[in-house]
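Colleague:
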Amino acid sequence: MLEGLFDWFQSFGMAFTVLGLSFIFMLDSTVIPTPPEFFAVLAFLIRPSPEWAGILLVAICLSELAGNSIMYSLVKWKRLPGFVERAIKKWIGFLVLKDERIILLNRVAPVMPFTGAFIATCNWNYKKSMLYLAIGCLLKYSALFALVALFDYQFDRDTAQVVSIMAVIMVVALSMLASYIYRKRHGPAGD
């Protein structure tokens, strides 16, 4: 099954892979939460090399910055309904970090969906927020690609693909668990 997915993904060519991945990351940061780690690993496994990792890192980082900037701009321009703004501010009040630094923590334990909306609603410094987004993005996906490259080096191609996908599923599950535990300890946003 994985082989068919890789073949299908690869059949469009490298440029389409980068564009498709960029689109997924922009969707994730603006409209529809997706498991972007899964798609990033699929794209990387097409050609696991440092050069390809660098290209994907640039595409992912730029797409996340663009998507969050779009969300930020829309919220600044149109504003959110009052009850949503209050919920966001109340939620931030529960978090350990109440400023832009939470963006880095959000990479490990997702506690803030649609980060651009939080940046706009909380009136955080836009440049500092984008810097934290870029740093977090580069660190997270560099580590993920390094782990996948290690699997690719240690195992045959098919085994490396399966182990890599399983690792992504574990990372996403652990992130969701960390987010759940955090929310249980600090209460839901609507409280």
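In the working numbering, the protein residues as written are -11 to 179. For every residue, glycine included, the Cβ atom is placed at its ideal position computed from N, Cα and C.
#1: Apart from the five residues on each side of it in sequence, which residues of its chain come closer than 8 Å, Cβ to Cβ, to isoleucine 123?
#2: Taking tryptophan 40 as part of the alpha helix (DSSP H), name the residues at either end of that continuous run.
#3: Just to confirm the assignment, what range does the alpha helix (DSSP H) spanning methionine 2 have?
#4: Between serine 37 and the ligand ATP, is the CB less than 7 Å from at least one heavy atom?
#5: Lysine 86 lies in the alpha helix (DSSP H); which residues open and close that run?
#6: Quick check on phenylalanine 102: does DSSP put it in helix, strand or coil?
#7: Have a look at threonine 5 and tryptophan 40 and give me their C-alpha separation to the nearest angstrom.
#8: Taking only the alpha-carbon atoms, compute the straight-line gap between phenylalanine 71 and valine 160 and give it to the nearest angstrom.
#9: With DSSP collapsed to three states, give me the class of asparagine 112.
#10: Is it true that the CB of tryptophan 65 sits closer than 8 Å to the CB of isoleucine 88?
#11: Anyone know if the C-beta pair for valine 96 and alanine 166 falls short of 8 Å?
#12: I'd like the list of long-range same chain contacts for serine 10, defined as Cβ closer than 6 Å, with 5 residues on each side in sequence excluded.
#13: In angstroms, rounded to a whole number, what distance separates the CA positions of valine 84 and glycine 1?
#14: Can you tell me where the alpha helix (DSSP H) with arginine 209 in it begins and where it stops?
Modeller: In this structure, then:
#1: Leu92
#2: 38 to 66
#3: 2 to 18
#4: As presented, the structure is devoid of all ligands, the ligand ATP included, so that no description of it is given.
#5: That residue, lysine 86, is in no alpha helix (DSSP H); it is neither H nor E in DSSP.
#6: coil
#7: 11 Å
#8: 30 Å
#9: The amino acid occupying residue 112 in the given sequence is tryptophan; asparagine does not appear at that position. Coil.
#10: Inspection of the sequence shows that residue 88 is occupied by glutamate rather than by isoleucine. No, they are not a contact pair.
#11: yes
#12: Ala47, Ser51
#13: 44 Å
#14: Since the displayed the chain opens at -11 and closes at 179, residue 209 lies outside it and no answer follows.
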